[in-house]
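Peer 1:
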Amino acid sequence: MNGVVKKSFIPLFACCTIGIFAQKQIVTGIVSDDSQVLPGAAVTVEGTSKVIITDAEGRFSISDLKAGQYNLKVSYIGFEAKKLTIEIPEAQNLDLGSIVLYQRQKSIEEIVVSGTLKNSEARALNMQKNAINITNVIASDGIGKLPDRNAAETVQRVQGVSIERDQGEGRFVSLRGLPPFWASTTINGNRLPTAEEETTSRATAFDFFPTELISYVNVNKSFTPDLEADGIGGGVNFITKTPPMKTEFRGTVGTGYNAKADKGIYNLGFLYGGRTKDKKFGYLVNFSHFIRNWSTDNFEARRSGDEGVFRLELRDYNGVRKTTGANVALEYVLSPKSTFYVKGMYGTLSDDETHYKHRIRFDKFNGVNNTARVELQNIHNLLITELTSVSLGGVHQLNKSKIDWDLSYYNNLFKYGNIPDKQNNSYYVIKYTQNGVGINPDYISDKGVGPRAYWKADGGKLDYKNTDALFGFYSDPNFKMDASQMRFTDLEFYKVYVQEKDKIVAGFNHEINVSDQLTLKYGFKYRDKERNARFSDIFYNWSSGTAPLLSDFAQYITTQPRGPQYLSEMNAHIGNTFGPVLTTGGMNQFWFQNQGNLTINKTDSEALEYNKALGRNFDVFEKHFDAYGMGTYRINDKMTILGGVRLSNTHTKVKGYSVIDDILTPVENTKEYLAVLPMIHFKYAINDKTNLRFAATRTFSRPNFGDLTPGGTYIEADNEFKGGNPNLNPTYSINLDLMGEYYFSNVGILSGGVFYKSITDPIFQDSFIGTYNGISGVQFSAPNNGKAAWLGGIELGINRRFDFLPGFLQYFGTQLNATFMTSEMEKPSGRKVKLPYQAKELYNIQLFFEKKGFNARLAYNHKGKFAVEYAEEDLYDSYYGKYSNLDFGASYQINKHITVFADVNNILNKPLIYHFGESQDRPEQVEYYGVRGNLGVKLNF
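Under this note's numbering, the first residue of the sequence shown carries the number 4, and numbering increases by one thereafter.
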C-alpha cells in the first residue's frame, strides 16, 4: 500500500517543483493590531488578481512580482482598511515588517473596549470568512469571556458541537451528533494519542488541557485534503500560543467557591513572551494551575434480567482536582523567508477522589422477615492523566511556493496513583455488609427473575418524580446504618494503566503558487504509534475466622462527610441513614494491618493470570502514512474551487491473549488498509460580506482500539467465544455540506446550512455463528461491521451586536445557534434506530453587554437526549438524558493593565440523567454537581 501512495505522488512532486527556484522578487510582512497578529487578513495587490490571506501567525508572502511600484490594500472585519504604496527594487526582496490595523470606532467610548472585547471575535471571523472549507473559529480572549476551564468546554458554544461531562466538567467532544470517537481532535494539526480510564476508544479526553494554553480553536465541519481526515463528524484543532510580536506579560490570580463541596477553588496562570530587538528570536512561556474542590451526589439503579431494579446505589463523591498546563514556544527567524520553531507542551490532571457508595440489594430480599442487605463501599483513588509533547518545525518561503515541515513526539498516559501503596496503586475499595435491614415489602415484586423493586412506569413504587416514594423503601423510617453490624466482605484493587505514544509524527507540506488563480499543494504525514493497555480487578476475602466489623476500626472511622446534605437538590433525607465510614487513612491502614488475613478470590477476580480480562490487556502497534495533493483555483473574484484527494494507509498490529484449552496463549493479528478520500469545495463570494459554500468529501474513522483486540475466551460449556475483532474495517462517510454566511460590518455573522452523511461499515457489537479452533457452531460475541447508516441536519446561527439600536440598548448583543438532526441505522437484528450519540437538537443562547471596559455574558447551553447503547427494544436502550446549563461571566477593564473578573458556573444545577428508554421515568443514573463561582484579577503588561 505504501508503494501505491508513493508512486501516486512522485510525479506530482516532480511537476510541482519545476521552476520554483527561479529568482524573482518576494514581498513579505506581518499584519497585526497594536498588540497581536491578525490571522485571516486579506492583502490585495491592486490592479492584479493577487489576494493573499495571512496565516495563523499573521504572516503573508506575495511572490512573482517584478520590480516597480505597487499599491497594497489590507482589510480585516471590524478594522479600518489600510492602503500603502510599496517600491520593489530590482533583484531584491522586500520585507514590510509589521503592518498595523486599527479597529473601527463608532464613538470615543468604544476605544477602551476595542483592544479586549471585539478583537478576538474579529480575528476568529476573519479566519472563518477567508477559509475555503466550512469551519468555525474561536480566539483565545473570546474563550475567557465565559467560565470554560478546559479545552472541551471551549467548543460547547459552537453550533453542532456537544460535550460529555465527568463530575460536571467537559471531557469528550462530539460533532454533529456523532460519537466522540468519530471526531478528530488535534493540537497544532496533529491528532492526539488517547489514554483514558474506562474507554478503549480513539476519543480524546480533554479535561486535562487548560484553556489558558489555547490561542485558537478551529472546528472543521468539512475537511480539505491537507487535514487529517480520520473523523467522520469533523475535527477540532486546538492551536497553542506562540511568541507575541512584542514583550508581553500576562498574569491571572483567582479564587472561588464550590457550593456543593462547601470548599474553595484556586487558579493561577501567567504568560511571558516577546522577541529580541532584531525580531529574529521569539520566545513564550505559558503556565496554568487550577485547583478545585468538588462534590457530586449520584444515585444509580442497576438492572439484571428485566426492567426491575435489583440494586440501588447511593453514591457520594468528594475530591480535589488539580490541572496543570505548560506551553513553551521558541521561534527563530533566520530570514524573512525562513523561520524555525520548537514547541513543548505538558498537561496533567490529577483527581484525588473519595467515594462512599451505599448499595441497597433488593435482590437479597427475604420475604419471610421482610429484610434485605445493605452494602457500604469505602473508595479512595487518585486518577492521573499526563500528556507530553515536543515539536520541531520550520516554514520556508521560496519564490513561488512555501514549504512547512514538522517533527513531533506525543506521550499520553493514564494511571492510578499510589493508593493504598506503590505496589497496589488502584481504584481502592473496601466493602462491608449489613444484613437483616427491614424493607417495605410493598416495594418488592418477583416477576420470575427474583426479587426486584420496580419503577412506577412498570407498576412499582419507585418514582423519580416523587422523592419520598423513591427513597421510602426502608420499613423503619429512622433506620441508620450501624458500624457494629457492618461486617467486612471484600477488598478490591481495580487497576488500569494505559500509555499511548506517537513515537514520531512527521509532516511535510509544499504549497506552490502556479499563477494568481491557481495554487497547488501536496504533502505527506507519517505516524508511528504504540499503545499499551494493562488491566486487572483483584478481590480479596477474609481468609480465616470471622471477618471484622467496621466498629473494630473505631479509631479510623468518621461520620460521612456531607452525608445529611446528600441529594439536597431533591429534598431527599436518605442521607440521614448513612452511618460511619472509613477515613482515607483508615482505608490504607486496613490493608497495611490485615494483608496476612486476606486471600485472593480467584472466582470474582479479573486478571490474565486467571485467564480473564483479555479484552483489556493488549498492545497496539500502528503506522499511518498519508499523502495528499490538492489544487485551489480562483475562477474569478467571486468563485473559488478546491479539489484533491488524500490517501491514508494504516498498518495495525495488535497483540493480545486468548484462552485455548484453558491455557493463556499470546495471539496477534495484522491488518492493513488504504483509505482513498477525495474532496471538493466550492466557495462563492456573493459580495464582500456574503459567502456561499459547498463541500463534498469522503472521510473515515479507524476502529476503536478495544474492538481490535485479538484476544478472547472460549467457554466450552456454552460453546461461546467472547472477544474482539482485529479484522474490522474502518467506517467511511460521504459528506455533503451547504452553508451560507453573511458578515456584519461591526463584527458579527448570520449563517445557515444543511449537511448529510452517508455512512458505511459502522461498527456494532454483534453475535454470530462461526468456527473456532476447528469447532463449528460456536456462538461469537464480538464487534463487527454493520449495514449502512445516514445522518442529516440543519445548522443556524447569528452573532450580532445591537449597535443599530438607540441609547443604552446599543451596548447589548446576542449569539444564538441551533442544530437539528436526524439519522437512521439498522442493527444486525434488523431493528432500525437512530445513530448512537445523535440528539435531535443542540442550541446555545448568549446575551452579552459591552460598554467601555465592562463586559458581561449570560450563556445557556442545551443538548437533547440521545441513545448511548441500543438493545432490541426501547425499554432496554440506554439514554444520556437532555441536559441544560447556564453560565455567567463578567469582567471590568480598570485600565490597560488590570482587569477584574467574576464568573458563575452551572447556575441551574440541573441533574445529568441516564435513563432506560426514551422516557426519564426509568432513570439509570442521576447526578448533581452544584453551583461554582470564581473571581480574580488579570494583569497585562
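Positions of the beta carbon are idealized from the N, C-alpha and C atoms, including for glycine.
Treat the numbers as computed from the prediction; the structure is a model and nothing was measured.
#1: Starting from Q592, trace the alpha helix (DSSP H) both ways and give me its first and last residue.
#2: Below 8 Å on the Cβ atoms is my guess for R126 versus G43; work out the distance and round it to an integer in Å.
#3: Going straight from the alpha carbon of G259 to that of Y931, what length do you get?
#4: Can you check DSSP and say which residues form a bridge with A792?
#5: Alpha carbon to alpha carbon, how far is D309 from K459?
#6: Could you tell me the distance, in whole angstroms, from the CA atom of P765 to the CA atom of N864?
#7: Please name the residue, chosen from D58, P247 and K53, that lies closest to S66 on a Cα-to-Cα basis.
#8: Among F343, F474 and N381, which has the Cα closest to the Cα of F365?
#9: Would the region 443-458 and the region 903-916 be scored as touching if the rule is three or more Cβ pairs under 8 Å?
#10: Bridge partners of L274, per DSSP?
#11: Counting only runs of 4+ residues fully inside the region 135-190, write out the alpha helix (DSSP H) ranges in chain order.
#12: Mind checking D281: buried by the 16 CB within 10 Å criterion, or exposed?
#13: Take I897 and list the residues in its own chain whose beta-carbon comes closer than 8 Å to its own, dropping the five residues that flank it on each side.
#14: Considering only the alpha carbon of each residue, which of Y219, F226 and D58 lies closest to R696?
#15: Does the beta-carbon of N694 have 16 or more other beta-carbons within 10 angstroms, so that it is buried, or is it exposed?
#16: Are the CB atoms of A332 and P246 within a distance shorter than 7 Å?
#17: Going along the chain, which unbroken runs of the beta strand (DSSP E) with 3 or more residues stay wholly within the region 54-105?
#18: Based on Cα-Cα distance, which residue from R637, V679, K641 and I644 lies nearest to N652?
#19: Along the chain, where does the alpha helix (DSSP H) containing D710 start, and where does it finish?
#20: Along the chain, where does the alpha helix (DSSP H) containing A472 start, and where does it finish?
#21: Report, in whole angstroms, the separation of the C-beta atoms of G236 and S165, which I expect to be a contact under 8 Å.
#22: Fully enclosed by the region 447-526, which beta strand (DSSP E) runs are 3 residues long or longer?
#23: Give every residue of the same chain whose Cβ lies closer than 6 Å to the Cβ of L416, excluding the five residues on either side of it in the sequence, and list them in chain order.
#24: Helix, strand or coil for S748 per DSSP?
#25: I need the DSSP call for M348, collapsed to helix, strand or coil.
#26: So, with DSSP's three-state summary, where would you put E927?
#27: Using the C-alpha atoms, what's the distance from G714 back to V34?
#28: Label F851 either buried or exposed according to how many other C-beta atoms from any shown protein chain fall within 10 Å of its C-beta, with 16 as the threshold for buried.
#29: Along the chain, where does the beta strand (DSSP E) containing F869 start, and where does it finish?
#30: Report the rounded CA-to-CA distance for N535 versus E671, giving the unit in angstroms.
#31: Can you have a look at Y105 and say buried or exposed, based on whether 16 or more other CB atoms are within 10 angstroms of its CB?
#32: From the DSSP output, in three-state form, read off L850 for me.
#33: How many Å lie between Y79 and A45 at the Cα?
#34: Rounding to the nearest angstrom, what Cα-Cα distance links F815 and G755 in this structure?
#35: According to the neighbour-count rule (16 or more other Cβ atoms, all chains shown, within 10 Å of its Cβ), is V750 buried or exposed?
#36: Straight-line CA distance for L317 to R253?
Peer 2: Reading it off the structure:
#1: T587 to N597 is the span of the alpha helix (DSSP H), which, as asked, contains Q592.
#2: Confirmed, Cβ separation roughly 7 Å.
#3: One C-alpha to the other measures close to 19 Å.
#4: As DSSP reads the structure, A792 sits in a beta bridge with I762 and M828.
#5: Rounded to whole angstroms, D309 to K459 spans 15 Å at the Cα level.
#6: So the two alpha carbons sit approximately 29 Å from each other.
#7: Of the residues D58, P247 and K53, the one whose Cα lies closest to the Cα of S66 is K53.
#8: If we check each option's Cα against that of F365, F474 comes out closest.
#9: Not touching, per the Cβ criterion.
#10: Beta-bridge pairing links L274 to R253 and N289.
#11: Runs found: 143-146 and 154-157.
#12: By the neighbour-count rule (16 or more Cβ atoms within 10 Å), D281 is not buried but exposed.
#13: The residues are G856 and V903.
#14: When each option's Cα is compared against that of R696, the closest is F226.
#15: Burial call: buried.
#16: With contacts defined as CB atoms closer than 7 Å, P246 and A332 qualify as a contacting pair.
#17: Counting only runs of 3 or more, we get 54-56, 62-68, 71-78, 85-91 and 97-103.
#18: When each option's Cα is compared against that of N652, the closest is V679.
#19: Under the DSSP assignment, D710 falls in the alpha helix (DSSP H) whose first and last residues are F708 to L711.
#20: Residues T470 to L473.
#21: So it is not a contact: roughly 10 Å between Cβ atoms.
#22: Runs of the beta strand (DSSP E) lying entirely within the region 447-526, each at least 3 residues long, are 447-449, 454-456 and 490-516 in chain order.
#23: For L416, where only same-chain residues beyond five positions count, the Cβ hits under 6 Å are A198, E389 and Q502.
#24: Three-state DSSP puts S748 in coil, outside helix and strand.
#25: Here DSSP, grouped into helix, strand and coil, assigns M348 to strand.
#26: In the three-state reduction of the DSSP assignment, E927 falls in the strand class, which pools E and B.
#27: One C-alpha to the other measures close to 56 Å.
#28: Counting other Cβ atoms within 10 Å of its Cβ, F851 reaches 16 or more and is therefore classed as buried.
#29: It spans F869 to E872 - the beta strand (DSSP E) in which F869 sits, taken as one unbroken run.
#30: Rounded to the nearest angstrom, the two C-alpha atoms are 14 Å apart.
#31: Counting the other Cβ atoms within 10 Å of the Cβ of Y105 gives fewer than 16, which makes it exposed.
#32: Taken through DSSP and simplified to helix, strand or coil, L850 comes out as strand.
#33: Taking the CA atoms as reference points, Y79 sits about 7 Å from A45.
#34: Their Cα atoms are separated by approximately 23 Å.
#35: By the Cβ neighbour-count rule, V750 is buried, with 16 or more other Cβ atoms within 10 Å of its own.
#36: Pairing L317 with R253, the inter-Cα distance amounts to about 45 Å.
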